[in-house]
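Asks: Residue numbers (full-length UniProt numbering): 1 to 482. Even glycine gets a Cβ: it sits at the ideal position worked out from N, Cα and C.
1) Find the nearest neighbour of residue 230 within the set 119, 204, 390, judged by alpha-carbon distance.
2) Roughly how many whole angstroms lie between the Cα atoms of residue 412 and residue 444?
3) Could you name the residues that DSSP lists as bridge partners for residue 362?
4) Under 6 angstroms Cβ to Cβ from residue 248, same chain only, skipping five residues before and after it: list those, please.
5) What does DSSP give as the partner residue(s) for residue 385 in the beta ladder?
6) How far does the beta strand (DSSP E) with residue 210 in it reach, from first residue to last?
7) Compare the Cα-Cα distances from residue 255 to each of 201, 315, 145 and report the closest residue.
8) Going by DSSP in three states, residue 157 sits in which element: helix, strand or coil?
9) Can you tell me where the beta strand (DSSP E) with residue 137 in it begins and where it stops?
10) Is it the case that the segment 364-383 contacts the segment 345-355, given that we only count it when at least three CB pairs across the two stretches are under 8 angstroms?
11) Whole-angstrom Cβ separation of residue 156 and residue 125, contact assumed at under 8 angstroms?
12) Are there three or more Cβ pairs, one per stretch, closer than 8 angstroms when the segment 333-346 is compared with the segment 317-325?
13) Are residue 243 and residue 271 close, meaning C-beta to C-beta below 8 angstroms?
14) Assign residue 392 to one of two classes, buried (16 or more other C-beta atoms within 10 Å of its C-beta) or exposed (fewer than that).
15) Give me, in chain order, the residues of the same chain whose beta-carbon lies closer than 7 angstroms to that of residue 427; leave out the 5 immediate sequence neighbours on both sides.
16) State the beta-bridge partners of residue 322 as determined by DSSP.
17) To the nearest whole angstrom, what separates the beta carbons of residue 308 and residue 265, a pair I think is in contact under 8 angstroms?
18) Starting from residue 252, follow its DSSP beta bridges and name the residues at the other end.
19) Taking only the alpha-carbon atoms, compute the straight-line gap between residue 161 and residue 282 and give it to the nearest angstrom.
20) Taking the beta strand (DSSP E) that residue 302 belongs to, which residues open and close that run?
21) Select from 286, 370, 260, 395 the residue whose C-alpha is nearest the C-alpha of residue 250.
22) Helix, strand or coil for residue 120? Go by DSSP, reduced to three states.
23) Roughly how many whole angstroms lie between the Cα atoms of residue 425 and residue 111?
24) If you draw a straight line from the alpha carbon of residue 291 to that of residue 422, how long is it in whole angstroms?
25) Just confirm the distance between the C-beta atoms of residue 188 and residue 234, as a whole number of angstroms; I'd bet it's less than 8 angstroms.
26) Suppose contacts are defined by Cβ-Cβ distances below 8 angstroms. Is residue 118 in contact with residue 213 by that definition?
27) Residue 152: buried (16+ other C-beta within 10 angstroms of its C-beta) or exposed?
28) On the criterion of 16 or more Cβ atoms from any shown chain inside 10 Å, does residue 311 qualify as buried, or is it exposed?
29) Could you check if residue 99 is buried or exposed, using at least 16 other CB atoms within 10 Å of its CB as the buried criterion?
30) Residue 193 by DSSP, collapsed to three states: which one?
31) Taking the C-alpha atoms as reference points, what is the distance between residue 361 and residue 388?
32) Would you say residue 227 and residue 136 are within 8 angstroms of each other, going by their C-beta atoms?
33) Which term fits residue 215, buried or exposed, when burial requires 16 or more other beta carbons within 10 angstroms of its beta carbon?
34) So, under 8 angstroms CB-CB, residue 221 and residue 186 are touching, yes? Tell me the CB distance rounded to an integer number of Å.
35) With a 10 Å radius around its C-beta and 16 neighbouring C-beta atoms as the bar for buried, classify residue 232 as buried or exposed.
36) Applying the criterion that 16 or more other CB atoms from any shown protein chain within 10 Å of the CB defines a buried residue, is residue 210 buried or exposed?
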């Protein structure tokens, strides 16, 4: 077969003829380069076929093959699948121009017209509830015999001040010293639901809290103090091995020795940790010991801990944990309960004297409104025996009569307008969370149904429950009259 396409090419172009007789409307003339004459072996049939192909391609159409998207979803489909989360906090004419994503501190800043939004990347529509936009008092400590130091969330703007207390008992009165008002950041949490612990001793306020609005930066801080040394001291920032997602429980000053300079502040909290052979996060109980002041050291050449060399400070920062875990003296907890319908929330301990010795009586508060009075009796071999003396129901917990617990799950007897919304059922295994069910709940009045009279709306217990659920790509629509 002759090599028709080895060195000779067919050039096809669109003619731009200025003669109106030859260029009529959108008609296209073909001009074949003179090199075609050298292709003597090319039959007229091939020339005719290639000319037809050239005319077809040149009629205002690009011959390049376009790539078609394999998946194309509309806005509604993206919203329904959960792959798109719009920022509902934006209004008309906000004109977003720039954004800044800080992955280290897990925050997203949006620049808009007259506004800067600080968002959580995991939930950009997370906004404070209306009930949280108030001043919740979280700190109340005696500063001296006449003043009390107090802090509040201040509608997500923590504020602290001194209260002057006068008189005693019924004749007592107090007033807020407005000139003492100051920022409560690093002293008080932003969120009223954020676990928090603080203690004031020797005019110093020690707090375990968070320093940011999103509650990501857990820390220990020291503030206040005598006038010459009033300054903030806090744990280092961006140290992943210090405090991770801490939930503070309590803080207490405990004397270690007869020397007051050796006194420590003990913080009790929980935190997420990746200790051990696995990389999965686990929640561990912690006890942190914080020095009240630069104490004396065991090295006579170094007077205080402030004079430690840099290598010693670096070692302390990278090794915050003790070499061994701390266990109870008895080898087991002094009080244990399993499979209960309540959780322990508070504890108070009273030391009482009896004919045969001293005993520690514990008062344990629960989330069911009851208080347990428990005494722990320590035997000669340090074995502890727990004795529950009383169980008092001091608060009446109002149960929701609309919801009944059955063997097959929860039974909702009737619904309210506030029950409408999107419900998500998730399952968590190790550190992975999987969504099992999406349930969109709408509450419709009977008057909105076809064929119903407009004046017979009735109470909410005669509403229509309309649910659309998605379970593993299967769609179920349930409509029933309650």
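Replies: According to the structure data:
1) Numbered from its first residue, the chain shown carries residue 230 at position 230. Cα-wise, what sits closest to residue 230 is 204.
2) Taking the first residue of the chain shown as 1, we reach residue 412 at position 412. Taking the first residue of the chain shown as 1, we reach residue 444 at position 444. If you take the alpha carbons of residue 412 and residue 444, they lie about 16 angstroms apart.
3) Along the chain shown, one-based indexing puts residue 362 at 362. Looking at the DSSP assignment, residue 362 forms a beta bridge with 349, 374.
4) If you number the chain shown from 1, residue 248 lands on position 248. Excluding positions up to five away in sequence, the list reads 195, 196, 197, 208, 269.
5) What you label residue 385 is simply residue 385 of the chain shown in a count that begins at 1. DSSP, once it has assigned bridges, lists 377 as partnering residue 385.
6) As a working mapping, residue 210 is identified with position 210 in the chain shown. Element bounds for residue 210: 204-210.
7) Against the chain shown, residue 255 aligns to sequence position 255. Closest option to residue 255, Cα to Cα, is 201.
8) Numbered from its first residue, the chain shown carries residue 157 at position 157. Looking at residue 157 - three-state DSSP - the assignment turns out to be coil, as it is neither helix nor strand.
9) As a first step, residue 137 is located in the chain shown; it is residue number 137 there, counting from the start. Here the beta strand (DSSP E) through residue 137 covers 137-142.
10) yes
11) The residue you call residue 156 lines up with position 156 of the chain shown. The residue you call residue 125 lines up with position 125 of the chain shown. Residue 156 to residue 125, Cβ: 16 angstroms. No contact.
12) no
13) Position 243 of the chain shown holds residue 243. Position 271 of the chain shown holds residue 271. Cβ atoms of residue 243 and residue 271: closer than 8 angstroms.
14) Taking the chain shown and counting its residues from 1, the one referred to as residue 392 is at position 392. Label assigned to residue 392: exposed.
15) Working through the chain shown from its first residue, we reach residue 427 at position 427. The residues are 434, 436.
16) Translated into positions along the chain shown, residue 322 becomes position 322. None; residue 322 has no bridge partner.
17) For this step, residue 308 is matched to residue 308 along the chain shown. For this step, residue 265 is matched to residue 265 along the chain shown. The Cβ separation is near 19 angstroms, so there is no contact.
18) Taking the chain shown and counting its residues from 1, one reaches residue 252 at position 252. In DSSP, residue 252 forms a bridge with 266.
19) In the chain shown, residue 161 corresponds to position 161, counting from 1. In the chain shown, residue 282 corresponds to position 282, counting from 1. Approximately 38 angstroms, taken between the alpha carbons.
20) Taking the first residue of the chain shown as 1, we reach residue 302 at position 302. No beta strand (DSSP E) contains residue 302, which DSSP labels as neither H nor E.
21) As a working mapping, residue 250 is identified with position 250 in the chain shown. Closest by alpha carbon: 286.
22) Along the chain shown, one-based indexing puts residue 120 at 120. Note: residue 120 maps to strand in three-state DSSP.
23) Locating residue 425 in the chain shown gives position 425, counting from the first residue. Locating residue 111 in the chain shown gives position 111, counting from the first residue. Whole-angstrom Cα-Cα distance: 34 angstroms.
24) Position 291 of the chain shown, counted from the start, is the residue given in the question as residue 291. Position 422 of the chain shown, counted from the start, is the residue given in the question as residue 422. One C-alpha to the other measures close to 48 angstroms.
25) For the purposes of this step, residue 188 is taken as the residue at position 188 of the chain shown. For the purposes of this step, residue 234 is taken as the residue at position 234 of the chain shown. Wrong, their Cβ atoms sit about 14 angstroms apart, outside the cutoff.
26) For the purposes of this step, residue 118 is taken as residue 118 along the chain shown, with counting starting at 1. For the purposes of this step, residue 213 is taken as residue 213 along the chain shown, with counting starting at 1. Cβ atoms of residue 118 and residue 213: closer than 8 angstroms.
27) Here the question's residue 152 lines up with position 152 in the chain shown. Looking at its Cβ environment, which holds 16 or more other Cβ atoms inside 10 Å, residue 152 is buried.
28) As a position in the chain shown, residue 311 is number 311, starting the count at 1. So residue 311 counts as exposed.
29) Here residue 99 is taken as the residue at index 99 of the chain shown, counted from 1. By the 10 Å Cβ count, residue 99 comes out exposed.
30) The residue you call residue 193 lines up with position 193 of the chain shown. Residue 193 falls in the coil class under three-state DSSP.
31) Taking the first residue of the chain shown as position 1, residue 361 is located at position 361. Taking the first residue of the chain shown as position 1, residue 388 is located at position 388. Approximately 10 angstroms, taken between the alpha carbons.
32) Sequence index remark: in the chain shown, residue 227 carries index 227 (1-based). Sequence index remark: in the chain shown, residue 136 carries index 136 (1-based). No, they are not a contact pair.
33) Residue mapping note: residue 215 aligns to position 215 of the chain shown, counting from 1. Per the 10 Å Cβ criterion, buried.
34) Numbered from 1 along the chain shown, position 221 holds the residue referred to as residue 221. Numbered from 1 along the chain shown, position 186 holds the residue referred to as residue 186. Confirmed, about 4 angstroms.
35) Residue mapping note: residue 232 aligns to position 232 of the chain shown, counting from 1. Exposed, because fewer than 16 other Cβ atoms sit within 10 Å of the Cβ of residue 232.
36) Locating residue 210 in the chain shown gives position 210, counting from the first residue. Buried, since its Cβ has 16 or more Cβ neighbours within 10 Å.
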